[in-house]
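Q: Residue numbers (our numbering): 3 to 182. Starting off with a structure, shown below.
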């Protein structure tokens, strides 16, 4: 491997890494495959990265996306294969003010596969969940002013996705819409 004007200074083994988020001197990695849900790594000394904690995921689920702001970490919970419906899709919302000790504040649940992509600005989470009564993923906004009690403050979907509302679905021969 060669990259111009860069050099490798350290390495840490993390199987199946997905999204990477840096917050200060802490690196957060969402993994594509369980049991490695999210890894939290101290990179204060870039030459000696140290694994601080791992938030595991059960078989058939993953949390390959991670965002952090104001000491709050949000990870997606999305079915990946034959995940047990008992776990349920949605978001895991954690207090990571002490990164070595992530503490689950709440699990926000949704129907179906769960949440795929999202963004988090420290107050609002802009998410793409599967929701009861809709076809595919829609867009939703959650207010996390109190991260332990997320509140839906908005949603949008492509006309035709709201099957429970009687909207005609014009894309039967195509893949389900995924607003994200």
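The beta carbon of each residue, even a glycine, is placed where N, CA and C say it ideally should be.
Measuring CB to CB, does residue 139 end up less than 7 Å from residue 118?
A: Mapped onto the chain shown, residue 139 falls at position 137. Mapped onto the chain shown, residue 118 falls at position 116. Cβ atoms of residue 139 and residue 118: closer than 7 Å.
Q: Below 6 Å CB to CB, which residues in the same chain sit around residue 22 once its five sequence neighbours on both sides are set aside?
A: Indexing the chain shown from 1 puts residue 22 at position 20. For residue 22, where only same-chain residues beyond five positions count, the Cβ hits under 6 Å are 31.
Q: Mapping DSSP to helix, strand and coil, what is residue 91?
A: Mapped onto the chain shown, residue 91 falls at position 89. Reduced to three states, the DSSP call for residue 91 is strand.
Q: Return the chain-ordered ranges of every beta strand (DSSP E) run that is complete within the segment 3-38 and spans a minimum of 3 residues.
A: DSSP runs (the beta strand (DSSP E)) wholly in the segment 3-38: 19-25, 28-33.
Q: Quick one: is residue 129 buried, meaning 16 or more other Cβ sit within 10 Å of its Cβ, or exposed?
A: Stepping through the chain shown from its first residue, residue 129 is reached at position 127. Residue 129 is buried by the Cβ-count criterion.
Q: Residue 125: buried (16+ other C-beta within 10 angstroms of its C-beta) or exposed?
A: As a first step, residue 125 must be located in the chain shown, where it is residue number 123. With fewer than 16 other Cβ atoms within 10 Å, it is exposed.
Q: Taking the alpha-carbon positions, what's the residue 27 to residue 46 distance?
A: The residue labelled residue 27 in the question sits at position 25 within the chain shown. The residue labelled residue 46 in the question sits at position 44 within the chain shown. Going from the Cα of residue 27 to the Cα of residue 46 covers about 5 Å.
Q: Label residue 154 either buried or exposed according to how many other C-beta atoms from any shown protein chain fall within 10 Å of its C-beta, with 16 as the threshold for buried.
A: As a position in the chain shown, residue 154 is number 152, starting the count at 1. Residue 154 should be labelled exposed.
Q: Can you list, in chain order, the residues of its chain whose CB lies under 7 Å from that of residue 215, leaving out five sequence neighbours each side?
A: Any property of residue 215 remains undetermined from this structure, which presents the chain solely from 3 to 182.
Q: Could you tell me whether the Cβ atoms of residue 116 and residue 94 are closer together than 7 Å?
A: The count along the chain shown starts at 1 and reaches residue 116 at position 114. The count along the chain shown starts at 1 and reaches residue 94 at position 92. In this structure, residue 94 does not lie closer than 7 Å to residue 116 by Cβ.
Q: Whole angstroms are fine: how far does the CA of residue 177 sit from the CA of residue 114?
A: Within the chain shown, residue 114 is the residue found at index 112, counting from 1. Within the chain shown, residue 177 is the residue found at index 175, counting from 1. Rounded to whole angstroms, residue 114 to residue 177 spans 16 Å at the Cα level.
Q: Could you pull the DSSP bridge partners for residue 116 from this structure?
A: For the purposes of this step, residue 116 is taken as residue 114 along the chain shown, with counting starting at 1. DSSP output for residue 116 lists 80 as bridge partner(s).
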